[in-house]
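Undergrad: One structure, pasted below without further comment.
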Amino acid sequence: MSQDLYTQIVNSPPGGFIAKRVGLPQPTALDRYAPGQPVVKGQVLVGAAPGGRLSSSIAAVLGEAKIDTATTLAPELRTAAADAGLDASVFNPEAGGDRRFKGLVFDATGIKDSAELVELQRFFHPSVRKVQSSGRVLVLGTPPEDTKDPREHTAQRALEGFTRSLGKEIGKGATAQLVYVAPGAEDLIGSTLRFFLSPKSAYVSGQVARVTPGQPVPADIDWERPLAGKTALVTGASRGIGEAIIETLARDGASVVGLDIPQLGEDLKKVTDRLDGEAIELDITSDDAPKVLAAHFKAGVDIVVHNAGVTRDRTLAKMPEDRWQSVLDINLSSEERINDALLKGKRIPSGGRIIGVSSMAGIAGNRGQTNYATSKAGVIGMVESMAPVVAERGITINAVAPGFIETQMTAAMPIAVREPGRRLNSMNQGGLPIDVAETIAWYASSASGGLNGNVVRVCGQMLLGA
Amino acid sequence: MTPTVRRVAVVGGNRIPFARSNGPYAHASNSDMLAAALDGLIERYNLQGETLGEVVAGAVLKHPRDRDLTREVVLGSKLAPETPAYDVQQACGTGLETTIAVANKIALGQIDAGIAGGVDTTSDAPLALNDDLREVLLDANRIPDTAGRLKLLTRLRPGMIKPAIPANQEPRTGLSMGEHCAIMASEWGITREAQDELTIRSHNALAAAYDKGFQDDLITPYLGLERDQNLRPGSTPEKLAKLKPVFGGPEGTMTAANSTPLSDGASVVLLASEEWAKARNLPILAYITEAQTAAIDHVHKREGLLMAPAYAMPTMLDRAGITLQDFDIYEIHEAFAAQVLCTLAAWEDPVFCKERLGRSAPLGSIDTEKLNINGGSLAAGHPFAATGGRIVAGLAKELSERGSGRGVISICAAAGQGVVAILESAGGSK
Ligand SMILES: NC(=O)c1ccc[n+]([C@@H]2O[C@H](COP(=O)([O-])OP(=O)(O)OC[C@H]3O[C@@H](n4cnc5c(N)ncnc54)[C@H](O)[C@@H]3O)[C@@H](O)[C@H]2O)c1
Chain L
2 MSQDLYTQIV NSPPGGFIAK RVGLPQPTAL DRYAPGQPVV KGQVLVGAAP
52 GGRLSSSIAA VLGEAKIDTA TTLAPELRTA AADAGLDASV FNPEAGGDRR
102 FKGLVFDATG IKDSAELVEL QRFFHPSVRK VQSSGRVLVL GTPPEDTKDP
152 REHTAQRALE GFTRSLGKEI GKGATAQLVY VAPGAEDLIG STLRFFLSPK
202 SAYVSGQVAR VTPGQPVPAD IDWERPLAGK TALVTGASRG IGEAIIETLA
252 RDGASVVGLD IPQLGEDLKK VTDRLDGEAI ELDITSDDAP KVLAAHFKAG
302 VDIVVHNAGV TRDRTLAKMP EDRWQSVLDI NLSSEERIND ALLKGKRIPS
352 GGRIIGVSSM AGIAGNRGQT NYATSKAGVI GMVESMAPVV AERGITINAV
402 APGFIETQMT AAMPIAVREP GRRLNSMNQG GLPIDVAETI AWYASSASGG
452 LNGNVVRVCG QMLLGA
Chain F
71 MTPTVRRVAV VGGNRIPFAR SNGPYAHASN SDMLAAALDG LIERYNLQGE
121 TLGEVVAGAV LKHPRDRDLT REVVLGSKLA PETPAYDVQQ ACGTGLETTI
171 AVANKIALGQ IDAGIAGGVD TTSDAPLALN DDLREVLLDA NRIPDTAGRL
221 KLLTRLRPGM IKPAIPANQE PRTGLSMGEH CAIMASEWGI TREAQDELTI
271 RSHNALAAAY DKGFQDDLIT PYLGLERDQN LRPGSTPEKL AKLKPVFGGP
321 EGTMTAANST PLSDGASVVL LASEEWAKAR NLPILAYITE AQTAAIDHVH
371 KREGLLMAPA YAMPTMLDRA GITLQDFDIY EIHEAFAAQV LCTLAAWEDP
421 VFCKERLGRS APLGSIDTEK LNINGGSLAA GHPFAATGGR IVAGLAKELS
471 ERGSGRGVIS ICAAAGQGVV AILESAGGSK
């Protein structure tokens, strides 16, 4: 997928000169992942507030991922690195030297009181200027709801303000996230650390993810193909974001099944043929759709991605019922019916993944999109309500909420809507379908048993609805 | 037949005071300085006319004309001309490596006594012809007729007159030793304050050693110099803090004070079997009991250029069956204050000790009150090949004065090498 024209122009020397003169935002060309690349191209610095409980889990992940690592002089980090077989160098901000980091990881679980939040300042103040372009900032905390002491709850909740603000000021295409790791989920952080440190999370920033106890990481996991042996269904797979999703899941080793409306059957087949996958021509809102799918997946389907979606914009005063209803039915109700049929028919085995596609509109609301935003907020509701239900079967359900993604849908917007939509975020640019797809692949990974009930936005930290 | 191994005694040492580059020794050659140090040793231990087993020395910056530098110096000395000699060159490890070479032959009974040493001048440094000029001249030499030669000489260009000055630069990285050490300092988190503190201690300790006469029988004054020219006792952290960094860029922590200056000087050490020393009524200051050399890959594995001693040490400790804490004196060559501090940090670090040294536990920390107690290279200066001899002689004397104890020497060298050795008091270990 090519960069948008604006990014190309302002990154050309004359364009950049003009953009600077007239004060246009200067988007950075973001690093994106290509198969075979290392998880991180550069060094990752690890720090910790005293008394944290994640040092050894972090060191284990970085060691296994062969990430070039440095740590602060904290003795617990040095010991943890040694125990994990992580040949980490030392970083002492007072020791000078031209050090540059591609990632900063901070274990904040030791912060038990608001007075100790100063540990954030102490670690990030000297290191933040050393972050390279497309760099990554990760703060790991304890979910406030899992703390025992009110002071600790308060302090852990406070972390969110820090990462969200840092995401807005760090620049250079760098991102900042908060990962809450519940007690007992320490061994499940691998897929999340890898995702947030790698270029796969190029357009994800200012987010909060929760890793909670769940199915263990398979011992024989192949991180290049974490979906090997899995079957994945992607709806709306003939184009746009759906096409990127099905390609990415196939790249990660899944046998893929694409679904789209019969009118797009030819386009769909082109996509699935390319990926050695199957094509299902089906309108998901049709009465027999749940039954058709349950029958199709007699042998089971491990990953279900509800991507198909439409907009039918109109202010409410001008919104007839059919326009309302078709959007709600495609974007939400049909997904609920399909989930129910597949779950009731035991078509999704233990280790299964259901993934919804919400939208920034569903979080922030949008003029002219009462129907669409209602359906997309409903997707978040579906994730919240179903997470505990599917957990009992070893299944997870999560959603992405894309912001402005460069697709046919957004290309068709009037320029006055499109340009601000593209620029009003921390990255000063729109995202690409692959950015949504990578986030979905992170949820889908066999190593992501600790992710359930998450809604992560793929919006470049859009200024609206923050 | 397996040879029996004998104890090797350090009888004594001698050196000339070390001078700063282009200082009082600006016009002294390597052979002049080595001869001066050797003459002083011969004088002190009455070696006139002795045929020794061998004399081994070397220089890091050596003129092509100094073929068999050490042998020529022996021939010019009062030792018997029948004393064999050879040169060794292992960057800053030279002085200690020559000591080990001589000691090993004594231990095996191949010789009974010998002298080890080293010398260097950065003032009278060898200049090479510019490579382009060298090529033209060599080509001319290959042509038999004058006309042809003259024609060839038209290839000469003014730029070719510029000599190739030997650079203090690693051939495979293009970085100077200081730049390499600056990377190490950053990777080990060594602060400017810690480096400056070590520097002040080094100067004060060496000055105190001179004041109490400790150096009297270790030094022969030379060309008007009686103490090391670089010595500046009484400095303060505030004064040193004012200096600009010379390595590691504007944010660097290494200055002209906490790095050794380019220096000129020479040192020698007399080693012998116990019988040989006793037969001549010569003192036995200490025994050399262990030694180890190691090298690291600073080119492909990104190990710090001057970290090899950190590897040599545990190998030697294991063989000796002792720990890093089992020493009364630590002599760690202060090429740069940061090198010493990086080495100590590495031994304390669980990651380095496990990942790089393959050990289950760190070597641990040392009592820094026992470190370089009579001053180090930061104060004395560091004529590359002469440093080993300075340290061996000084440590042996300190052990002899104490009457007991054990000391260890650690010297880093360019090209990723490091040499360590153990000396034990002739009065026995504590
Ligand atoms: N593009 C963005 O900026 C953006 C932002 C937020 C959310 N989203 C969401 O991402 C998803 C994909 O969006 P896109 O931009 O790729 O749009 P798109 O219109 O290019 O693709 C949507 C696909 O869904 C299919 N589809 C629609 N109705 C269907 C039905 N009833 N049955 C089966 N398939 C049906 C369409 O045929 C199409 O192939 C949608 O859910 C959308 O709401 C997109």
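From first to last, the protein sequence lines are chains L and F.
Just so you know, we're using our numbering here: the first sequence kicks off at 2 and counts up by one.
Just so you know, we're using our numbering here: the second sequence kicks off at 71 and counts up by one.
Just so you know, even glycine gets a beta-carbon here, dropped at the ideal spot from N, CA and C.
Here the structure is a predicted model, which means the values were calculated and not measured.
Using 8 Å as the cut-off, can you tell me whether the stretch 159 to 172 of chain L makes contact with the stretch 188 to 201 of chain L, which would need three or more C-beta pairs spanning the two stretches below that distance?
TA: As far as the Cβ criterion goes, the stretch 159 to 172 of chain L does not touch the stretch 188 to 201 of chain L, which means the pair count is below three.
Undergrad: Restricting to Cα atoms, I'd like to know which of F:473, F:229, F:416 and F:476 is closest to residue 90 of chain L.
TA: Working through the first sequence from its first residue, we reach residue 90 of chain L at position 89. Ranking the options by Cα distance to residue 90 of chain L, first place goes to F:416.
Undergrad: Does residue 180 of chain F pass the burial test, meaning 16 or more other C-beta atoms within 10 Å, or should it be called exposed?
TA: Position 110 of the second sequence, counting from 1, holds the residue named residue 180 of chain F. It counts as exposed.
Undergrad: May I ask you to list the residues that DSSP assigns as paired with residue 480 of chain F?
TA: Here residue 480 of chain F refers to the residue found at position 410 when the second sequence is read from its first residue. The partner list for residue 480 of chain F (beta bridge, DSSP) reads F:402 and F:490.
Undergrad: Residues of chain F with a CB under 7 Å from the CB of residue 357 of chain L: which are they?
TA: Numbered from its first residue, the first sequence carries residue 357 of chain L at position 356. Near residue 357 of chain L there are no residues of chain F at all, since even the closest Cβ is about 43 Å away, more than 7 Å.
Undergrad: Whether or not the stretch 155 to 165 of chain F and the stretch 193 to 212 of chain F are in contact is what I'm after, with contact meaning three or more pairs of Cβ atoms, one per stretch, closer than 8 Å; do they touch?
TA: With the cut-off at 8 Å, the stretch 193 to 212 of chain F and the stretch 155 to 165 of chain F do not touch.
Undergrad: Is DSSP giving residue 141 of chain L helix, strand or coil here?
TA: Translated into positions along the first sequence, residue 141 of chain L becomes position 140. If DSSP states are grouped into helix, strand and coil, residue 141 of chain L belongs with the strands.
Undergrad: My understanding is that residue 85 of chain F touches residue 337 of chain F, with C-beta atoms under 8 Å, so please give their C-beta distance in whole angstroms.
TA: Here residue 85 of chain F refers to the residue found at position 15 when the second sequence is read from its first residue. Here residue 337 of chain F refers to the residue found at position 267 when the second sequence is read from its first residue. Going by Cβ atoms, the distance from residue 85 of chain F to residue 337 of chain F rounds to 4 Å, so yes, they are a contact pair.
Undergrad: Can you grab the Cα-Cα spacing for the pair residue 93 of chain L / residue 261 of chain F, in whole Å?
TA: Walking along the first sequence from the start, residue 93 of chain L turns up at place 92. Walking along the second sequence from the start, residue 261 of chain F turns up at place 191. Near 8 Å, if we compare the C-alpha coordinates of residue 261 of chain F and residue 93 of chain L.
Undergrad: Cβ closer than 9 Å: which chain L residues qualify as neighbours of residue 419 of chain F?
TA: Within the second sequence, residue 419 of chain F is the residue found at index 349, counting from 1. What residue 419 of chain F touches in chain L: 79, 83 and 91.
Undergrad: Just to confirm, are residue 64 of chain L and residue 103 of chain L a CB contact at a threshold of 7 Å?
TA: As a working mapping, residue 64 of chain L is identified with position 63 in the first sequence. As a working mapping, residue 103 of chain L is identified with position 102 in the first sequence. No, Cβ-Cβ distance for residue 64 of chain L and residue 103 of chain L is not below 7 Å.
Undergrad: Closer than 6 Å: is that where the CB of residue 465 of chain L sits relative to any heavy atom of ligand 1?
TA: Walking along the first sequence from the start, residue 465 of chain L turns up at place 464. The answer is no for residue 465 of chain L.
Undergrad: With DSSP as the reference, please indicate the residues paired to residue 463 of chain L in a beta bridge.
TA: For the purposes of this step, residue 463 of chain L is taken as the residue at position 462 of the first sequence. Residue 463 of chain L pairs with L:426.
Undergrad: Answer with buried or exposed for residue 307 of chain F, where buried requires no fewer than 16 other C-beta atoms within 10 angstroms of its C-beta.
TA: The residue you call residue 307 of chain F lines up with position 237 of the second sequence. By the neighbour-count rule (16 or more Cβ atoms within 10 Å), residue 307 of chain F is not buried but exposed.
Undergrad: Closest to residue 428 of chain L by C-alpha separation, out of L:455, L:440, L:459 and L:399, would be which residue?
TA: Position 427 of the first sequence, counted from the start, is the residue given in the question as residue 428 of chain L. Of L:455, L:440, L:459 and L:399, the residue nearest in Cα terms is L:459.
Undergrad: If you drop the 5 nearest sequence neighbours on each side, which residues of the same chain put their C-beta closer than 6 Å to that of residue 331 of chain L?
TA: Sequence index remark: in the first sequence, residue 331 of chain L carries index 330 (1-based). Within the same chain, residue 331 of chain L has close Cβ partners 286 and 311.
Undergrad: Tell me which residues share the same chain as residue 325 of chain L and place their Cβ nearer than 6 Å to its Cβ, disregarding the 5 neighbours each side in the sequence.
TA: Taking the first sequence and counting its residues from 1, the one referred to as residue 325 of chain L is at position 324. For residue 325 of chain L, where only same-chain residues beyond five positions count, the Cβ hits under 6 Å are 372.
Undergrad: Measuring alpha carbon to alpha carbon, tell me which residue in F:422, F:287, F:273 and F:427 is nearest residue 385 of chain F.
TA: Your numbering for residue 385 of chain F matches position 315 in the second sequence. Answer by Cα proximity: F:427.
Undergrad: Just to make sure I have the definition right: I need the residues of chain L whose C-beta is within less than 9 Å of the C-beta of residue 425 of chain F. Which are they?
TA: What you label residue 425 of chain F is simply residue 355 of the second sequence in a count that begins at 1. Chain L residues near residue 425 of chain F: 82, 83, 86, 87, 88 and 89.
Undergrad: Kindly list, in the order they appear in chain L, the residues whose Cβ is closer than 9 Å to that of residue 261 of chain F.
TA: The residue given as residue 261 of chain F occupies position 191 in the second sequence. Ordered by position in chain L, the residues that pass the 9 Å Cβ test against residue 261 of chain F are 93, 95, 96 and 97.
Undergrad: Could you tell me which of F:186, F:458 and F:329 sits nearest to residue 508 of chain F, measuring between CA atoms?
TA: No statement about residue 508 of chain F is possible, as the shown extent of chain F runs from 71 to 500 and does not include it.
Undergrad: With a CB to CB cut of under 6 Å and the five nearest residues on each side skipped, what residues in its chain are close to residue 280 of chain L?
TA: As a working note, residue 280 of chain L is residue 279 in the first sequence. Hits under 6 Å: 259, 269, 270 and 273.
Undergrad: Going along the chain, which unbroken runs of the alpha helix (DSSP H) with 4 or more residues stay wholly within the stretch 221 to 282 of chain L?
TA: Here the runs fully enclosed are 241 to 252 and 266 to 275.
Undergrad: Could you tell me whether any non-hydrogen atom of ligand 1 is closer than 6 Å to the CB of residue 208 of chain L?
TA: Residue numbering aside, residue 208 of chain L sits at position 207 when the first sequence is read from its first letter. Because no heavy atom of ligand 1 lies under 6 Å away, the Cβ of residue 208 of chain L does not count as near it: no.
Undergrad: Less than 8 Å between the CB atoms is what I'm expecting for residue 195 of chain L and residue 418 of chain L, so what's the real figure, rounded?
TA: Locating residue 195 of chain L in the first sequence gives position 194, counting from the first residue. Locating residue 418 of chain L in the first sequence gives position 417, counting from the first residue. So it is not a contact: roughly 36 Å between Cβ atoms.
Undergrad: Check whether chain F comes within 7 Å of residue 74 of chain L, counting only Cβ atoms and requiring the distance to be less than that.
TA: Here residue 74 of chain L corresponds to residue number 73 of the first sequence, with the count starting at 1. By this cut-off, residue 74 of chain L is an interface position.
Undergrad: For residue 61 of chain L, which residues in the same chain have their Cβ closer than 7 Å to its Cβ, ignoring the five residues on either side in sequence?
TA: For the purposes of this step, residue 61 of chain L is taken as the residue at position 60 of the first sequence. Closer than 7 Å at Cβ, skipping near neighbours: 85.
Undergrad: Pick out the complete beta strand (DSSP E) segments inside the stretch 365 to 436 of chain L, 3 residues or longer, and give them in chain order.
TA: Here the runs fully enclosed are 397 to 403.
Undergrad: Would you check whether ligand 1 has a heavy atom nearer than 6 Å to the C-beta of residue 1 of chain L?
TA: A question about residue 1 of chain L goes unanswered here, because the residues of chain L that appear run from 2 up to 467.
Undergrad: Shorter than 6 Å, the distance from the beta carbon of residue 264 of chain F to the closest heavy atom of ligand 1, or not?
TA: Here residue 264 of chain F refers to the residue found at position 194 when the second sequence is read from its first residue. For ligand 1, not one heavy atom lies less than 6 Å from the Cβ of residue 264 of chain F.
Undergrad: Let me see if you follow: with CB-CB separation under 7 Å, is residue 256 of chain F close to chain L or not?
TA: The residue given as residue 256 of chain F occupies position 186 in the second sequence. By this cut-off, residue 256 of chain F is an interface position.
Undergrad: Please classify residue 395 of chain F as buried or exposed, where buried requires at least 16 neighbouring CB atoms within 10 angstroms.
TA: Residue numbering aside, residue 395 of chain F sits at position 325 when the second sequence is read from its first letter. With fewer than 16 Cβ atoms within 10 Å of its Cβ, residue 395 of chain F is classed as exposed.
Undergrad: I want to check one thing, is the minimum distance from the CB of residue 365 of chain L to the heavy atoms of ligand 3 below 6 Å?
TA: Absence of ligand 3 from the depicted structure is noted, with ligand 1 being the only ligands included.
Undergrad: Buried or exposed: where does residue 351 of chain L fall if 16 or more other Cβ atoms within 10 Å of its Cβ makes it buried?
TA: Counted from its first residue, the first sequence places residue 351 of chain L at position 350. Under this definition residue 351 of chain L is an exposed residue.
Undergrad: Assuming the contact rule is C-beta atoms closer than 8 Å, residue 45 of chain L and residue 106 of chain L should be a hit. Round their C-beta distance to whole Å, please.
TA: Within the first sequence, numbered from 1, the residue matching residue 45 of chain L stands at position 44. Within the first sequence, numbered from 1, the residue matching residue 106 of chain L stands at position 105. At roughly 6 Å, the Cβ-Cβ gap stays under 8 Å, so residue 45 of chain L and residue 106 of chain L are in contact.
Undergrad: If we ignore side chains and look at the alpha-carbon of each, how far apart do residue 75 of chain F and residue 91 of chain F end up?
TA: Within the second sequence, the letter at position 5 stands for residue 75 of chain F. Within the second sequence, the letter at position 21 stands for residue 91 of chain F. Their Cα atoms are separated by approximately 42 Å.
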